[in-house]
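See structure below.
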Amino acid sequence: MKEAYITGVGQSEVGVRLTRSPMGLTMDAIRQALDDAGLTFDQIDGVASYPGKAHGYLGFSPIGVDEVIEVCGIKARWHMGAGEIPAQLSAIAEAANAVKTGQARHIICFRTVYEAAAMSRPDEFPPLRRDFVDGSSQWTAPFFAISAACWVAQYANRHMQRYGMTREQLAQISLNANRNALLNPNARAITKKVLTIDDYMESRLITTPFCLHDCDRFTDCSTVIIVSAGDALDEVSASPVRIAATAGAVHRHSWDQAEWMASYDTGPDLWAKTDYTAKDVDTVQFYDGFAFFPITWLEALGFCQVGEGHKFVEGGTRIARDGELPLNTAGGQIGAGRLHGFGFAHEAVTQLRGKAGERQIPGDPKVAVATSGGGPLAAALLLARD
Amino acid sequence: MSVKRPRPRLDADNRPFWTGGDAKNDGGKLYITHCGDCGEWTHPPRQFCRHCQSENVAPEAVPGTGRIDTLTVNHQAWMPGLEVPFVIARVALDGVPGVVLTTNIVGCAVDEVAFDDRVRVTFEEQDGVWFPLFEKVS
Ligand SMILES: [Zn+2]
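From first to last, the protein sequence lines are chains C and L.
Okay, so the first sequence: first residue is 655 according to our numbering, each after it adds one.
Okay, so the second sequence: first residue is 491 according to our numbering, each after it adds one.
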């Protein structure tokens, strides 16, 4: 079987209540990724996204795969826009499978989010209805556990109860995100000033133990990752990053019935598919829709024991850019906006290519893990520069 | 919490759960789907047992008592008019191994709720749906 590589990355303007249209942002990111890879539209033969166009809640996902095929004039041999896959980054994992098996040569993978703009223009983008609920949310929303914050906070609280995690330890995720975001030009609309531990402890509570700084915020942006087949690299000008392994396991697909999040099913499965081990990893880009998630990913992927993630991040030195395992070097979603998963792949590739500018980590990094998801959603990508 | 609760859309699978609190059901009971073949419980309710895939399943009244598995004190008003703070908790039900319910703990101050507290179901009716809330057992 062929190998799969990431050969181009792109990101539109990142903002809050942007006026440029969702398709405009998507095209900006696609053009940037094509330029990065040295590819043109006529070389693209696949398109993938997560979760597909969200009719009924357009701010969450305003652009469909079929629209991109149409607007870009792509003669697609393979495409997929799906929500019932392990998590956001699984769109990239599925694209990797497609190029490995010869179904396409170059695939545009995109995730466009427009929740901040949509909320400011409800006539154009009607909000999600809350009066009737069905599907899995019927088991939480009737109790006003409406945001995922309420669901995830209960896991975080249990970690405090069971393993002794403190708010000061949890805060390290947000403080680290803030430090890194301040060096990320694409995060300027989201992070504008230094966050101190005092700011953190004094900020308003959302749902215990989470305060405002433990949560990402609605953002408008499109992020694009181009996935190419190993035998098509001679068509590409950028330095490729190999997708060495992907995983997305879930043993109980429920936000409240599962004892553990799916990250704990996915982490061991990633290592089962590769000769690399956690010790080989130079940087991790872990989904941080809420600050507790990276702590679970550290445990799930074996960077520490289960129940010790909070000790791993204590003081923030290990996860800093010059630490032993730099985490969320672009600021993650807490520092750089809710890009919904794709930002982690974008930053992992940027770091592995040595193109992260002021926030570049030292030591010529060669291996990275990017993850997305929480609760029953989990996907992991192992990325390597050969 | 003066604002109306988001209301589940009732169907054949979930109706016994969301209407079990009606007093005409033996004074109001919590119903969880039980398997007549393997004896295990399935929640959310389905027409198949999630343990042995049997279709010999039916809603069964359970004691309605339990223990707080985990909780969060919610301070954010997610809907206009929602009064805060309030407690969202996950309750592990007595006699129903493997099933927890997300719910609200009512009838006491938010700082009086703790892990492992013993609780009992109490129903709140709204437009033909009986929401199973829990209160502390003193
Ligand atoms: Zn059974």
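Yeah, the Cβ is synthetic: ideal placement off N, Cα and C, and Gly gets one too.
Using beta-carbon positions only, say whether A741(C) and G1027(C) come within less than 8 Å of one another. Closer than 8 Å, so yes.
I need the boundaries of the alpha helix (DSSP H) containing G997(C), first residue and last residue. G997(C) -> alpha helix (DSSP H) spans F996 to L1006.
Can you find a CB in chain L that lies within less than 8 Å of the CB of S801(C)? So yes, S801(C) belongs to the interface.
C-alpha gap between G669(C) and R821(C), whole angstroms: The straight-line gap from Cα to Cα measures roughly 29 Å.
Whole-angstrom distance between A984(C) and P601(C), CA atom to CA atom: Given that chain C is displayed from residue 655 to residue 1040, the structure contains no residue 601(C) and the question cannot be resolved.
Indicate, with yes or no, if ligand 1 has a heavy atom lying under 7 Å from the CB of E530(L). Under cutoff, so the answer is yes.
Taking the continuous beta strand (DSSP E) assigned at H760(C), which residues delimit it? H760 to Y768 is the span of the beta strand (DSSP E), which, as asked, contains H760(C).
With a floor of 4 residues, list each alpha helix (DSSP H) that falls wholly inside the region 802-879 of chain C, ordered by position along the chain. 802-817, 821-835 and 851-856, all fully within the region 802-879 of chain C.
Per-residue burial, C598(L) [other beta carbons within 10 Å of its own, 16 or more giving buried]: Answer is exposed; the Cβ neighbour count stays below 16.
For ligand 1, I want to know if S703(C) counts as a neighbour, meaning its beta carbon is within less than 7 Å of at least one of the ligand's heavy atoms. Answer for S703(C): no, Cβ out of range of ligand 1.
Let me check understanding here. Comparing Cα to Cα, which of T873(C), I988(C), L981(C) and T920(C) lies closest to R674(C)? The option with the nearest alpha carbon to R674(C) is T873(C).
Leaving out the 5 sequence neighbours to the left and right, which residues in its chain are closer than 7 Å to R495(L) when beta-carbon positions are compared? Closer than 7 Å at Cβ, skipping near neighbours: Q616 and F621.
If the criterion is Cβ atoms closer than 8 Å, does the pair L924(C) and A1034(C) meet it? In this structure, the beta-carbon distance from L924(C) to A1034(C) falls below 8 Å.
Does the CB of F621(L) have a neighbour CB from chain C at under 8 Å? Yes, because at least one Cβ of chain C sits closer than 8 Å to the Cβ of F621(L).
How long is the line joining the alpha carbons of R671(C) and N832(C), rounded to whole angstroms? Rounded to the nearest angstrom, the two C-alpha atoms are 21 Å apart.
Own chain, CB closer than 6 Å to A567(L), minus 5 neighbours either side, in chain order: Hits under 6 Å: V574.
So with CB distances below 9 Å, who are the chain C contacts of I578(L)? For I578(L), the C-beta contacts it makes with chain C under 9 Å involve T794, F797, F798, A799, C804, W805, A807, Q808 and T861, in order along the chain.
Cβ pair count under 8 Å reaching 3, the region 778-792 of chain C against the region 719-734 of chain C: With the cut-off at 8 Å, the region 778-792 of chain C and the region 719-734 of chain C do not touch.
Based on the DSSP output, what are the partners of E614(L) in its beta bridges? Beta-bridge pairing links E614(L) to F621(L).
Per DSSP, I660(C) is paired with what? According to DSSP, I660(C) shares a beta bridge with V881(C) and V895(C).
Out of I879(C), A954(C), A892(C) and D868(C), state which residue places its alpha-carbon closest to the alpha-carbon of G989(C). Taking only the C-alpha atoms, the option nearest G989(C) is D868(C).
Give the DSSP-derived three-state secondary structure of L572(L) in the structure shown. Assignment of L572(L) by DSSP, reduced to helix, strand and coil, places it in the coil class.
Taking D868(C) as the query, report the chain L residues whose CB atoms sit under 8 Å from its CB, ordered along the chain. Within chain L, no residue comes near D868(C); the closest Cβ sits about 12 Å away, beyond 8 Å.
How is the beta strand (DSSP E) around W732(C) delimited, first residue to last? That run of the beta strand (DSSP E) goes W732 to G735.
Does the CB of P498(L) have a neighbour CB from chain C at under 8 Å? Chain C contact via Cβ: present.
Can a CB atom of chain L be found closer than 8 Å to the CB of D910(C)? True, the Cβ-Cβ gap to chain L drops below 8 Å.
Return the chain-ordered ranges of every beta strand (DSSP E) run that is complete within the region 519-602 of chain L and spans a minimum of 3 residues. Runs found: 520-525, 547-552, 555-564, 576-583 and 590-596.
Return the bridge partner residues of S1026(C) from the DSSP annotation. For S1026(C), which the question treats as bridged, DSSP gives the partners A1033(C).
Anything in the region 751-784 of chain C with a Cβ closer than 7 Å to a Cβ of chain L? List those residues in chain order, please. For the region 751-784 of chain C, which is checked against every Cβ of chain L, the residues closer than 7 Å are R784.
Could you check whether A736(C) and Y704(C) sit closer than 8 Å to each other, using their CB atoms as the reference points? For Y704(C) and A736(C), yes; Cβs fall inside 8 Å.
Through-space distance from S882(C) to A691(C), alpha-carbon basis: Those two C-alpha atoms are separated by around 10 Å.
Could you check what DSSP says for G700(C) in three-state terms: helix, strand or coil? If DSSP states are grouped into helix, strand and coil, G700(C) belongs with the strands.
Considering only heavy atoms of ligand 1, does any lie closer than 7 Å to the CB of H533(L)? No - ligand 1 has no heavy atom lying nearer than 7 Å to the Cβ of H533(L).
Tell me the rounded alpha-carbon separation between A912(C) and T592(L). A direct Cα-to-Cα measurement between A912(C) and T592(L) gives close to 12 Å.
Candidates V1021(C), A886(C) and A841(C), of which the one nearest L608(C) by Cα: This structure cannot speak to residue 608(C), because chain C is shown only from 655 to 1040.
Measure the C-alpha to C-alpha separation of Y918(C) and I949(C) and round it to an integer number of angstroms. Cα to Cα, the separation comes out at about 11 Å.
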